[in-house]
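Read the structure below first, then the notes.
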Amino acid sequence: MAKILLVEDHEEIWDFLSRRLKRRGYEVVLAHDGEAGVRQARSAQPDVILLDMNLPILDGWSVARTLKSGTDTRAIPIIALTAHAMSGDRDKAIQAGCDDYHPKPVDFSKLLSQISAALGETAQAG
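Residues in the sequence shown are numbered from 2 upward in steps of one, following my numbering.
This is the structure:
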């Protein structure tokens with residue numbers, strides 16, 4: 002079973018995503034700020050990280066850069082979750098170290114496809 006670290010500070014979003022991901026058979030680890038996200042990534046060693054970019058304490062851009070510079074977390078795929086769907090935001094997330102980008106509001110079936118791709122699986126129907 003794949004383990005997903007969800008780093009998200011809005012309760013309605015992490016509640017919605019964690020329940021739906023668990024129903025799909027994923028193990029979900031939660032962190033509610035960027036600093037906790039870095040700690041959880043290092044201790045839980047998830048298969049994929051879903052990372053909100055607007056987080057308290059340490060923002061998602063800094064979290065991505067920190068994780069991609071660590072030898073123990075560098076290889077973990079990161080999918081950026083952001084309400085910033087403006088031109089250039091995808092490139093900014095990729096430059097920070099994210100492997101993929103998903104604008105909010107979350108399109109769950111598209112996000113599942115992105116998770117499957119990050120895991121190297123064949124995409125599942127949503």
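Glycine included, each C-beta is placed from N, C-alpha and C at the ideal position.
Counting only residues of its own chain and dropping the five nearest sequence neighbours on each side, Leu59 has a CB closer than 8 Å to the CB of Asp34, Gly35, Glu36, Gly38, Val39, Thr67. Of the other Cβ atoms in all chains shown, fewer than 16 fall within 10 Å of the Cβ of Gln96; this residue is therefore exposed. Scanning Gly121, Lys69, Leu52 for the CA closest to the CA of Leu31 turns up Leu52.
The shortest CA-to-CA distance from Ala42 to any of Leu22, Met54, Lys105, Lys69 is the one to Lys69. In this structure, DSSP gives Asp53 an extended state, which the three-state scheme calls strand. Within the same chain, Cβ atoms closer than 7 Å to the Cβ of Asp90 are found at Thr83, the five residues on either side in sequence being excluded. Note on Met2: under 16 other CB atoms within 10 angstroms of its CB, so exposed under the neighbour-count rule.
8 Å or more divides the Cβ of Val49 from the Cβ of Val8.
Our two residues, His103 and Ile79, have alpha carbons roughly 11 Å apart in a direct line. Look at Val30 here: in three-state DSSP terms it is strand. Take Lys93, set aside five residues on each side of it, and the residues of its chain with a beta-carbon closer than 8 Å to its own are Trp62, in chain order. By the neighbour-count criterion, in which a residue is buried when 16 or more other Cβ atoms sit within 10 angstroms of its Cβ, Gly121 is exposed.
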